[in-house]
Amino acid sequence: MWAAAGYGSDAAAQNTALDACTQTMGEGCEVGAAWSNLSEIVVIEDAAGNLFVKGGPGLGNAEKAAREECELYTAGCHTTANVINSLIGTRTNFPVGPLHRRLFASIARPKGTPDPKWDDMAWLASGQSGFKAAEQAALSQCGRDTDVECEVRVTVGNSQIARTTDDQGHISWLNIAAPEALDRQLRAHCAKGRECRLLDTFDARTPRTLAIEISKSDAPARGFFSLARPIDDATEKTWGKRALVTGSTSREAAQTAAVGLCETESKSRCEAVPKDGDRGVDQFFVLIRDAAGEAKLFMRMSAAEAQLAKDQFCAKEGQQCPKGLTVDLAKPTTTILKI
């Protein structure tokens with residue numbers, strides 16, 4: 046931050062600060078706040094390095110306003126600069142030592158109602174040198190891939206983008222300034238009467254431009270899960286159980302652990318189910334054995350949706366199905382389920 050005070054005009058003070066900033070940083074400098082007469086400008090910084098700048102007449106008002114705005118969105122708020130303007134002569138406050146630019150990330154999606162083939166995609170650009178650069182990189186990649194107009198969903202600086210879901214499966218993208226603010230921001234964003242969960246996060250400082258499959262996560266906050274069953278169908282029905290492992294660090298780890306548990310408990314060779322592994326996004330599943338004696342798995346974003354999927358399947362098949370076992374995938378466990 047470059048500050049100038051005590052000058053004879055607003056223009057002189059602003060130009061002094063802007064010129065010093067531009068000389069050091071090259072570009073991207075702008076006026077954060079400007080006040081005249083007896084006044085104060087205060088800069089509050091959060092845990093991720095985001096700045097909240099407020100000015101005002103007199104003393105004390107600016108710091109209160111800046112801190113209130115910072116604490117509304119994030120955590121770790123602390124005062125980094127306090128510039129008082131008065132008639133006791135010109136003063137400057139310029140940074141010293143090595144300087145590093147904040148890095149930015151942005152998420153873009155096709156505008157409006159996209160073609161079904163793009164409906165499950167979002168585009169991330171991170172590690173960018175500026176706010177506009179991040180947005181342009183995400184928009185450009187989205188536009189090149191889809192050949193349609195795209196729009197920015199969220200842009201962050203030096204922090205994280207969080208992907209969240211509610212109990213109806215709606216996906217949201219949030220600016221998470223600091224890890225300790227995540228729970229509070231998730232609760233604040235979640236609509237009244239809904240249940241919301243974190244799916245995963247994307248660091249703004251990591252250089253990358255990529256397409257994200259919304260219904261799949263490579264690093265779900267809940268961890269990965271796997272079920273396992275005996276390979277032999279007759280043994281599977283006689284044993285009548287499933288091994289379950291949740292909260293694993295990878296799909297492969299979850300599958301390996303579940304197969305191992307199944308083989309230990311059933312005394313037979315086992316295989317992981319689903320065979321293609323956990324998508325990393327579904328939050329609940331319902332497990333039943335249908336009228337034909339076949340195990341059926343219904344995975345959805347909420348317990349209610351999983352039960353509904355089960356009920357719709359049973360109605361379509363003309364079956365009277367049990368309520369089944371409902372499993373919350375956010376709760377780490379290693380266990381045997383009887384079905």
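In this text, residue positions in the sequence shown follow the working numbering: the first is 46, and each later residue adds one.
Here a beta-carbon is modelled for each residue, glycine too, at the ideal position from N, C-alpha and C.
Just so you know, these numbers come straight off a predicted model, no measurement behind them.
Cβ-Cβ distance between residue i and residue j below 8 Å
i       : j       : result
Asp-335 : Gln-364 : yes
Val-88  : Thr-125 : yes
Leu-148 : Arg-287 : no
Ala-348 : Thr-371 : yes
Ala-62  : Ala-78  : no
Arg-253 : Gly-172 : yes
Asp-138 : Ser-84  : Per the sequence shown, the amino acid found at residue 138 is Asn instead of Asp. Cβ distance not < 8 Å, so Asn-138 and Ser-84 don't count as in contact.
Thr-200 : Ile-221 : no
Lys-383 : Phe-358 : no
Leu-255 : Leu-353 : no
Arg-257 : Met-166 : Before going further, note that residue 257 is Ile rather than Arg in the sequence given. Result yes, Cβ atoms of Ile-257 and Met-166 sit closer than 8 Å.
Arg-242 : Trp-218 : no
Gly-73  : Gly-202 : no
Ala-179 : Ser-151 : yes
Ser-262 : Gly-325 : yes
Met-346 : Gly-214 : yes
Gln-205 : Asp-248 : yes
Gly-338 : Lys-282 : yes
Residue i burial status per 10 Å Cβ neighbour count (16 or more: buried)
i       : result
Asp-323 : buried
Leu-104 : exposed
Thr-294 : exposed
Ile-133 : exposed
Val-141 : exposed
Lys-355 : buried
Val-128 : buried
Leu-144 : exposed
Pro-367 : exposed
Pro-155 : buried
Ala-57  : exposed
Ser-81  : exposed
Glu-350 : buried
Thr-191 : buried
Asp-91  : buried
Gly-100 : buried
Ser-311 : buried
Asn-117 : Just to set this straight, residue 117 is Leu in the shown sequence, not Asn. Exposed is the call here.
Gln-68  : exposed
Ala-360 : exposed
Supposed close pair residue i, residue j - CB separation, criterion 8 Å
i       : j       : result
Ala-183 : Ala-153 : 4 Å
Asp-327 : Met-344 : 4 Å
Ala-279 : Val-290 : Contact flag wrong, Cβ pair sits at about 24 Å.
Lys-76  : Ile-86  : Sequence check: residue 76 is Val here, not Lys. So it is not a contact: roughly 10 Å between Cβ atoms.
Arg-272 : Val-318 : Note that residue 272 is Leu in the sequence shown here, rather than Arg. So it is a contact: roughly 5 Å between Cβ atoms.
Val-193 : Pro-159 : 7 Å
Report task. Could you tell me whether the region 265-285 touches the region 361-378, using the rule of 3 or more Cβ pairs below 8 Å? Result -> Yes, the region 265-285 is in contact with the region 361-378.
Query - Meets three-Cβ-pair contact criterion under 8 Å: the region 195-212 and the region 226-234 - result: yes
Requested in this report: Note down, one range per segment and in chain order, each alpha helix (DSSP H) of at least 4 residues found wholly within the region 259-289.
Outcome: 278-284
Query raised in the report: Fully enclosed by the region 113-172, which beta strand (DSSP E) runs are 3 residues long or longer?
Result: 123-130, 136-138, 149-155
Query - Complete runs of the beta strand (DSSP E) confined to the region 288-358 [at least 3 residues] - result: Taken in chain order, the complete beta strand (DSSP E) segments of 3 residues or longer contained in the region 288-358 are 315-318, 329-334, 340-345.
Query - Completely contained alpha helix (DSSP H) runs for the region 196-251, where each covers 4 or more residues - result: At a cut-off of 4 residues, the continuous stretches assigned as alpha helix (DSSP H) that sit fully inside the region 196-251 are 227-234.
Query raised in the report: Counting only runs that start and end within the region 49-94, where is the alpha helix (DSSP H) found for 4 or more residues in a row?
Result: 55-70
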